[in-house]
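Peer 1: Mind the numbering: the first sequence is residues 159 to 590 in my numbering, read in order. Just so it is clear, CB atoms sit at the ideal spot from N, CA and C, and this is done for glycine as well. So that we are looking at the same thing, I have put the structure below in structure tokens.
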Amino acid sequence: MRRSKAFIPTTKEAPSDASLPSHQFLVRGGFINQQGAGLYNYMPLGKIVLEKIRSIVKEELDSSGCIEVQLSFVTPMALWERSGRADAMGKEMLRIQDRHQNPFVLSPTNEEAMVELVKNRVNSYKDLPLNLYQINTKFRDEARPRYGLLRGREFLMKDGYSFHASKEDMVREFDLMEQTYKNIFTRLGLDFRVVLADSGAIGGSGSKEFHVLADSGEDTIIVCDRCDYGANIETIDSINEDDFNEFTYEELQTKNIEEKCSCGGTLSFKKGIEVGHIFQLGTRYSKELEANFNDENGKPKPFEMATFGIGVSRLIASVIEQNHDEHGCIWTKSTAPYMVNVMVSNIKDEEQSSLGEELYSKLLDAKVETIIDDRKERFGFKMKDAELIGFPYTVIIGKELVNGLVQIYDRKTKEKLSVSKDEVFEKIMELI
RNA sequence: CGGGGUGUAGCUCAGUAUGGUUAGAGUACCUGGUUUGGGACCAGGGGGCCGAAGGUUCGAGUCCUUUCACCCCGACCA
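Below, the structure is given as structure tokens:
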């Protein structure tokens, strides 16, 4: 992409209503813009990042045997009445009417729709297990949308639903998804923890959340520095959060969580952004909606189910909450909108310009996602812009070229590495 | 949904207590020139139904009523 032809409206100032770093930088960097409360447009850079995350999610799910579908976003109210959630979901569910005054809702989640899809199409234990997912828009009419992409009303979420002939098999899939989710967040380059979540009314140990560690996280989680143990403090009731921060590990032992962390490691509190949630549903929906399969004896049984969610658009903001500095975004390699920014300091300089063009095409030929900053702007302006957007590497072709040198600027370390113009391509290929 | 706040140029905001020429600044944008290693400088220029609707008044950005939108603190949530 040529920066001179791109649509990347960056700004020096943040809108006054953006408080979090991810919100400010994503808006200032020209990734997104706000359309209304909790409603966002994705501009080209935002769209690229969104698609990158989406495809990583898809690749990992597919390789674990999940199958992608797409459900209608607008669903008849009757679907929700059958499961009893028309009332239970309350005002969070946005209700609309069509031209015949028939009631519909903008789907906030899709348990009912997915069960209806499978019901009477999957009739035998021989067809199980089955794990279907979609990556689609959701709408939840939040009482108070905030924090930019972290809590929008309209958002992109991956929701998956698995169907099993037995509880054991459902648990097997649950564990497989836990591993798959770990693979996804690792590939995204995120520092995250898996924690026990509040299982709510359904009970059991069947709910785990995936949290990206970030100071701005809305949840407080307890993690062990030695073993895998982690828990959302929501799981430990009768203690309020403020008190909790005062406790030492020994004190925590008296709070009934010690048996879950027998390794002797130190427990500490972290702020986390919930980006994934996996849940053992059992037969709650299949019973309600009379979705059965025939077992080995030809007897109808309700599906054992589990459900798996990932907040895809929220992940964009999470990457930045975890990776930014005072200058702007610092994308991980797998999420960066462009890996390399070829910055020609002075485009009027023939030599700089032609080396930039040459490097640009070479990188494109090598399938490196590259953008060339060929705008008629000053050095400082382009550097600030590159830092705000957060390309992992910017090749600075500028005044050192007279000595045959260019610089590779590493956004994360802020180091500038001087390399010969003849070796810059190889060096870049080595770094990425 | 409770409590608080803000709506004036694309963006950040003055101006509103006490009504009174043609509504301002910075930034962004356009033109020309200078400049080219950290959002540079000079000169000129375009851009506003002062959130919306009513009202008071000779006169409303400013006062009154209604309404809408957005933000912040809570309660609720991927």
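For the region 456-482, which segments carrying the beta strand (DSSP E) assignment without a break, of at least 3 residues, lie completely within its bounds, in sequence order?
Peer 2: 458-460, 462-469, all fully within the region 456-482.
Peer 1: I'd like the span of the beta strand (DSSP E) that includes Arg569, first residue to last.
Peer 2: No beta strand (DSSP E) holds Arg569; DSSP gives it neither H nor E.
Peer 1: Considering His181, what are the terminal residues of the alpha helix (DSSP H) in which it resides?
Peer 2: Taken as a continuous stretch (DSSP letters only), the alpha helix (DSSP H) holding His181 covers 179-186.
Peer 1: Enumerate in chain order the residues of its own chain whose CB-to-CB distance from Thr295 is below 7 angstroms, with the five nearest sequence positions on each side excluded.
Peer 2: Same-chain partners within the cutoff: Phe231, Glu312, Leu314.
Peer 1: Hey, quick one: how far does the alpha helix (DSSP H) through Gln259 stretch, first residue to last?
Peer 2: No alpha helix (DSSP H) holds Gln259; DSSP gives it neither H nor E.
Peer 1: So for Lys525, helix, strand or coil by DSSP?
Peer 2: It is coil, neither helix nor strand.
Peer 1: Using only CA atoms, which one of Leu517, Thr344, Ile206, Lys340 lies nearest to Ala164?
Peer 2: If we check each option's Cα against that of Ala164, Ile206 comes out closest.
Peer 1: Where do the ends of the beta strand (DSSP E) carrying Val433 lie?
Peer 2: 425-440 is the extent of the beta strand (DSSP E) around Val433.
Peer 1: Cβ atoms of Met335 and Glu462: under 7 angstroms apart, would you say?
Peer 2: No, the pair does not count as a contact, with Cβ atoms beyond the cut-off.
Peer 1: Alpha carbon to alpha carbon, how far is Ile190 from Leu197?
Peer 2: Their backbone Cα atoms lie some 10 angstroms apart in a straight line.
Peer 1: Could you check where the beta strand (DSSP E) with Glu312 kicks off and where it finishes?
Peer 2: Counting along the chain, the beta strand (DSSP E) containing Glu312 begins and ends at 312-322.
Peer 1: Does Arg384 pass the burial test, meaning 16 or more other C-beta atoms within 10 Å, or should it be called exposed?
Peer 2: Flag for Arg384 reads exposed.
Peer 1: Residues in its own chain within less than 8 angstroms of Phe549 by CB, not counting five upstream and five downstream?
Peer 2: So the qualifying residues of the chain are Trp489, Ala494, Pro495, Tyr496, Met497, Val498, Asn499, Ile529, Arg569.
Peer 1: Just tell me which of Lys277, Gly486, Glu515, Ser180 has its CA closest to the CA of Gly306.
Peer 2: If we check each option's Cα against that of Gly306, Ser180 comes out closest.
Peer 1: Are the CB atoms of Asn452 and Pro460 within a distance shorter than 7 angstroms?
Peer 2: For Pro460 and Asn452, no; Cβs fall outside 7 angstroms.
Peer 1: Distance, Cα to Cα, Phe262 vs Asp543?
Peer 2: Approximately 44 angstroms between the Cα atoms of the pair.
Peer 1: Which residues in the same chain as Arg302 place their Cβ atom closer than 6 angstroms to its Cβ, once the five residues preceding and following it in sequence are excluded?
Peer 2: Within the same chain, Arg302 has no close Cβ partners at all.
Peer 1: Out of Lys534, Leu208, Leu575, state which residue places its alpha-carbon closest to the alpha-carbon of Ile554.
Peer 2: When each option's Cα is compared against that of Ile554, the closest is Leu575.
Peer 1: Hey, quick one: how far does the beta strand (DSSP E) through Ala389 stretch, first residue to last?
Peer 2: That run of the beta strand (DSSP E) goes 388-390.
Peer 1: Round the Cβ separation of Gly194 and Thr168 to the nearest angstrom and send it over; I've been treating them as touching at under 8 angstroms.
Peer 2: Not quite, the Cβ-Cβ distance comes to about 22 angstroms (not below 8 angstroms), so this is no contact.
Peer 1: Checking the sheet assignment: what are the DSSP bridge partners for Phe451?
Peer 2: In the DSSP output, where bridge partners are listed per residue, Phe451 has Lys459.
Peer 1: Please classify Ile225: is it buried, with 16 or more other beta-carbons within 10 angstroms of its beta-carbon, or exposed?
Peer 2: Flag for Ile225 reads exposed.
Peer 1: Does Cys382 pass the burial test, meaning 16 or more other C-beta atoms within 10 Å, or should it be called exposed?
Peer 2: By the neighbour-count rule (16 or more Cβ atoms within 10 Å), Cys382 is buried.
Peer 1: Find out if the Cβ-Cβ distance for the pair Val353, Ile391 is shorter than 7 angstroms.
Peer 2: No, Cβ-Cβ distance for Val353 and Ile391 is not below 7 angstroms.
Peer 1: For Arg212, collect the residues of the same chain with a Cβ closer than 7 angstroms to its Cβ; drop the 5 residues on either side in sequence, then sort them by chain order.
Peer 2: Excluding residues within five positions, the ones whose Cβ falls inside 7 angstroms are Ile293, Val470.
Peer 1: Rank Glu239, Ser503, Ile342 by C-alpha distance to the C-alpha of Arg536 and give the top, closest one.
Peer 2: The shortest Cα separation from Arg536 among Glu239, Ser503, Ile342 belongs to Ser503.
Peer 1: Using the three-state DSSP reduction, which class does Gln193 fall into: helix, strand or coil?
Peer 2: Note: Gln193 maps to strand in three-state DSSP.
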